[in-house]
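Notes to accompany the following structure.
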Amino acid sequence: MFRYRPEVAWVYLFKLLPYLKVTLFYMAGALAIGIVFGAGLAMMKLGKNRPLRYFAVGYTAVMRSLPPIILIFLIYHGVPLLARRLWQVNISGLDTVYFVILALGLSSVATLSEIMKSAYLSVSGGQYEAAVSNGFTPFQAFRRIMFPQALRVSIPNLGNALVILMKEGSLGYTVGLIDIMGRANLLNSTAYGNDIYEIFFTLAAIYWLASVLIDRSFRFLENKLSLERRIRLKEAGLIAANPQGGITREP
Amino acid sequence: MLELSGVGKSFGKNEILRDVNLKVAAGDVIAILGPSGSGKTTLLRCINFLEIADQGTMVLEDRTIQLPRAKKSEVAFVRQKTSFVFQNYNLFNNKTALENVTEGLIYGRKIPAKTAKEIGRKALEKVGMADRSDFYPSQLSGGQQQRVGIARAIAGNPDVILFDEPTSALDPELIGEVLSIMKKLAQEGTTMIVVTHEMSFAQSVATKAIFMDGGVILEEGEPHEFFVRPRHERTKQFLRSILYEMEYTI
């Protein structure tokens, strides 16, 4: 029989919310790993060095086909074993969240490198040539011309990747991570399954709200960086300076 | 002023340039003609190190540079002394027309931003784009974009400007505005190497015409001679096909 008591759900909301920071923490950690090493991997994919390129493409292919839960299990159980064998250190006492971050990070490296690569390729290569021909160093050409345009292109995909990261991380409860998912699971056991709808609908609502927030903020960022916005601002400035004149757009 | 000798370039097994020699004196306007795939663009790109030649040397001002083994400083030197106008304009899409001109001055030539802006405005004025200096490339027509491209090329006051089919991507009615600017530059004594399919431009503006085919320079000469009395059979054939096409379109 379906029974849903809003007042009970309300209580659970406040029991779950504090654990959102664990969720946010693994998202931030995995994203950081993904951005740093993903940029490296993207460079390998775009570069001329063949072994590095093959490595990067191979890594991405393997990661893309790997269910995140396998990665989480492998890292959580495998890394402490490896650490003991190789360096005789015991890291099994380390907080579970770090293992989850490593696992999610490893897979987001692949995802983010793909996003960065395609964003870079979306900016026409001729602009890079024009920049170096104008005396830019390759780094300056990247920094001033290619990167700002690629960043703008990549933002919607980055938002999507972050939402996926958030959801994949919920699997961390299988290795004992107490994030909002893990907490909900505990609460459910404590209530002997009597409050299942109140708990899990509330949990779903939190995830939903978080993904909406991520989506909105990335859209805001995209708009903030967009060329259209800069053109509008510039036009507004011009029009203010010259009230009668206005500005004519070329086709 | 600029002298190329023995320039060779292959892409894999494809030989694009073979032992190309070219002498450019100050004030020269050299039109490079030839069918597509003849290596004209590659030659131009090798001069600017957008492509690295396999063989050949370049003498520019007082420096002799081995093209396949150019040092970074030599590449930078050549890029200061030459500039490139691209077929597809290749303007920086995230920069305004003025910034497109000034960025290279500021970052490539270390000119202070304020001075660069002045130079940039003058360059835009020269190509008739002063009133569009705050526009982004996406707000400009192809012809206007190419004019900004030319402004960017002249701003650094290079010895030689390299034009790579500057009107090939333009709508027919926009070609004129770009050609007239190039003509003006030529009349002012700007040294230019122009890869082009615009025969009338080559005939009326160039001081020297070069015909390339199969990666070699087949014929070169004073434009009038070149167009009226081509020596090489292949040149005749090429001119015939081009001129026929011109008559045909009229």
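Here the protein sequences line up with chains A and B, keeping their order. Read in order, the letters of the first sequence are residues 1 to 251 in our numbering. Read in order, the letters of the second sequence are residues 1001 to 1250 in our numbering. By construction, the Cβ of each residue, glycine as well, lies at the ideal position given by its N, Cα and C atoms. These figures come from a predicted structure and were not determined experimentally.
Closest by CA to residue i, which one among the options?
{"i": "residue 1096 (chain B)", "options": "B:1181, B:1037 and B:1137", "result": "B:1137"}
{"i": "residue 66 (chain A)", "options": "A:186, A:222, A:168 and A:227", "result": "A:168"}
{"i": "residue 231 (chain A)", "options": "B:1094, B:1181 and B:1207", "result": "B:1094"}
{"i": "residue 11 (chain A)", "options": "A:184, A:227 and A:233", "result": "A:184"}
{"i": "residue 1049 (chain B)", "options": "B:1084, B:1020 and B:1026", "result": "B:1084"}
{"i": "residue 1025 (chain B)", "options": "B:1215, B:1081 and B:1191", "result": "B:1191"}
{"i": "residue 161 (chain A)", "options": "A:45, A:30 and A:225", "result": "A:30"}
{"i": "residue 148 (chain A)", "options": "A:9, A:68, A:55 and A:221", "result": "A:221"}
{"i": "residue 134 (chain A)", "options": "B:1106, B:1066 and B:1006", "result": "B:1106"}
{"i": "residue 1099 (chain B)", "options": "A:101, A:61, A:99 and A:145", "result": "A:145"}
{"i": "residue 118 (chain A)", "options": "A:153, A:60 and A:96", "result": "A:153"}
{"i": "residue 1008 (chain B)", "options": "B:1040, B:1002 and B:1001", "result": "B:1040"}
{"i": "residue 235 (chain A)", "options": "B:1133, B:1187, B:1150 and B:1188", "result": "B:1133"}
{"i": "residue 1054 (chain B)", "options": "B:1114, B:1010 and B:1082", "result": "B:1010"}
{"i": "residue 91 (chain A)", "options": "A:104, A:75, A:193 and A:59", "result": "A:75"}
{"i": "residue 173 (chain A)", "options": "A:192, A:193, A:101 and A:142", "result": "A:101"}
{"i": "residue 175 (chain A)", "options": "A:77, A:9, A:61 and A:56", "result": "A:77"}
For residue i, which beta-bridge partners are listed by DSSP?
{"i": "residue 1164 (chain B)", "result": "B:1195"}
{"i": "residue 1058 (chain B)", "result": "B:1004 and B:1065"}
{"i": "residue 1221 (chain B)", "result": "B:1209"}
{"i": "residue 1014 (chain B)", "result": "B:1011"}
{"i": "residue 1023 (chain B)", "result": "B:1003"}
{"i": "residue 210 (chain A)", "result": "DSSP output for residue 210 (chain A) lists no bridge partner at all."}
Measuring straight from C-alpha to C-alpha, what distance separates residue i and residue j?
{"i": "residue 1193 (chain B)", "j": "residue 1028 (chain B)", "result": "8 angstroms"}
{"i": "residue 248 (chain A)", "j": "residue 1167 (chain B)", "result": "Because residue 248 (chain A) carries a pLDDT of 46, less than 50, the predicted location of this residue cannot be relied on, and no value is offered for it."}
{"i": "residue 49 (chain A)", "j": "residue 1031 (chain B)", "result": "38 angstroms"}
{"i": "residue 1038 (chain B)", "j": "residue 1178 (chain B)", "result": "24 angstroms"}
{"i": "residue 1131 (chain B)", "j": "residue 1111 (chain B)", "result": "23 angstroms"}
{"i": "residue 6 (chain A)", "j": "residue 15 (chain A)", "result": "14 angstroms"}
{"i": "residue 205 (chain A)", "j": "residue 17 (chain A)", "result": "11 angstroms"}
{"i": "residue 1042 (chain B)", "j": "residue 1219 (chain B)", "result": "18 angstroms"}
{"i": "residue 1128 (chain B)", "j": "residue 1147 (chain B)", "result": "8 angstroms"}
{"i": "residue 1071 (chain B)", "j": "residue 1201 (chain B)", "result": "36 angstroms"}
{"i": "residue 1204 (chain B)", "j": "residue 1044 (chain B)", "result": "21 angstroms"}
{"i": "residue 1156 (chain B)", "j": "residue 1092 (chain B)", "result": "17 angstroms"}
{"i": "residue 1121 (chain B)", "j": "residue 158 (chain A)", "result": "39 angstroms"}
{"i": "residue 110 (chain A)", "j": "residue 36 (chain A)", "result": "11 angstroms"}
{"i": "residue 1004 (chain B)", "j": "residue 63 (chain A)", "result": "51 angstroms"}
{"i": "residue 1012 (chain B)", "j": "residue 212 (chain A)", "result": "51 angstroms"}
{"i": "residue 1229 (chain B)", "j": "residue 1056 (chain B)", "result": "31 angstroms"}
{"i": "residue 209 (chain A)", "j": "residue 166 (chain A)", "result": "12 angstroms"}
{"i": "residue 137 (chain A)", "j": "residue 41 (chain A)", "result": "22 angstroms"}
{"i": "residue 114 (chain A)", "j": "residue 132 (chain A)", "result": "25 angstroms"}
{"i": "residue 1006 (chain B)", "j": "residue 108 (chain A)", "result": "50 angstroms"}
{"i": "residue 250 (chain A)", "j": "residue 1023 (chain B)", "result": "In this prediction, residue 250 (chain A) has a pLDDT of 42, which is less than 50 and means its spatial position is unreliable; what the coordinates show is noted afterwards. For residue 250 (chain A) and residue 1023 (chain B), the distance between alpha carbons rounds to 41 angstroms."}
{"i": "residue 1066 (chain B)", "j": "residue 96 (chain A)", "result": "59 angstroms"}
{"i": "residue 163 (chain A)", "j": "residue 127 (chain A)", "result": "32 angstroms"}
{"i": "residue 1169 (chain B)", "j": "residue 1087 (chain B)", "result": "6 angstroms"}
{"i": "residue 1017 (chain B)", "j": "residue 24 (chain A)", "result": "58 angstroms"}
{"i": "residue 69 (chain A)", "j": "residue 1195 (chain B)", "result": "59 angstroms"}
{"i": "residue 199 (chain A)", "j": "residue 13 (chain A)", "result": "8 angstroms"}
{"i": "residue 197 (chain A)", "j": "residue 112 (chain A)", "result": "35 angstroms"}
{"i": "residue 1101 (chain B)", "j": "residue 1123 (chain B)", "result": "8 angstroms"}
{"i": "residue 1188 (chain B)", "j": "residue 225 (chain A)", "result": "42 angstroms"}
Evaluate residue i with the Cβ neighbour count: other Cβ atoms within 10 Å of its Cβ, from every protein chain shown; 16 or more gives buried, anything less gives exposed.
{"i": "residue 1060 (chain B)", "result": "buried"}
{"i": "residue 1089 (chain B)", "result": "buried"}
{"i": "residue 246 (chain A)", "result": "Low confidence applies here, because residue 246 (chain A) scores a pLDDT of 43, under 50, leaving its location unreliable; read the following figure in that light. Exposed: under 16 other Cβ atoms inside 10 Å."}
{"i": "residue 1063 (chain B)", "result": "exposed"}
{"i": "residue 1051 (chain B)", "result": "buried"}
{"i": "residue 252 (chain A)", "result": "Absent from the structure is residue 252 (chain A), since the part of chain A shown begins at 1 and ends at 251."}
{"i": "residue 243 (chain A)", "result": "Any reading at residue 243 (chain A) needs caution, since the residue's pLDDT is 43, under 50, leaving its predicted position unreliable; the model's value is listed next. Residue 243 (chain A) is exposed by the Cβ-count criterion."}
{"i": "residue 260 (chain A)", "result": "The requested residue 260 (chain A) is not part of the displayed model; chain A covers only 1 to 251."}
{"i": "residue 1079 (chain B)", "result": "buried"}
{"i": "residue 1250 (chain B)", "result": "For residue 1250 (chain B), the pLDDT reaches just 45, beneath the cut-off of 50, and the residue's location in the model is therefore unreliable, although a value from the coordinates is still provided. Residue 1250 (chain B) should be labelled exposed."}
{"i": "residue 195 (chain A)", "result": "buried"}
{"i": "residue 26 (chain A)", "result": "buried"}
{"i": "residue 171 (chain A)", "result": "buried"}
{"i": "residue 2 (chain A)", "result": "exposed"}
{"i": "residue 72 (chain A)", "result": "buried"}
{"i": "residue 256 (chain A)", "result": "This structure cannot speak to residue 256 (chain A), because chain A is shown only from 1 to 251."}
{"i": "residue 241 (chain A)", "result": "Note that residue 241 (chain A) has pLDDT 47, beneath the 50 cutoff, so the model's placement of it is unreliable and no number is given."}
{"i": "residue 1172 (chain B)", "result": "exposed"}
{"i": "residue 182 (chain A)", "result": "buried"}
{"i": "residue 192 (chain A)", "result": "exposed"}
My assumption, with CB atoms under 8 angstroms, is that residue i sits in contact with residue j. Please give the rounded CB distance.
{"i": "residue 1035 (chain B)", "j": "residue 1238 (chain B)", "result": "6 angstroms"}
{"i": "residue 1020 (chain B)", "j": "residue 1161 (chain B)", "result": "Not a contact, Cβ separation roughly 19 angstroms."}
{"i": "residue 252 (chain A)", "j": "residue 179 (chain A)", "result": "Nothing can be reported for residue 252 (chain A), as the shown portion of chain A is limited to 1 through 251."}
{"i": "residue 1215 (chain B)", "j": "residue 1015 (chain B)", "result": "6 angstroms"}
{"i": "residue 1236 (chain B)", "j": "residue 1222 (chain B)", "result": "That pair is no contact at about 17 angstroms."}
Counting only Cβ pairs nearer than 7 angstroms, list the residues of chain C close to residue i.
{"i": "residue 1050 (chain B)", "result": "Chain labels in this structure do not include chain C; the protein chains are A and B."}
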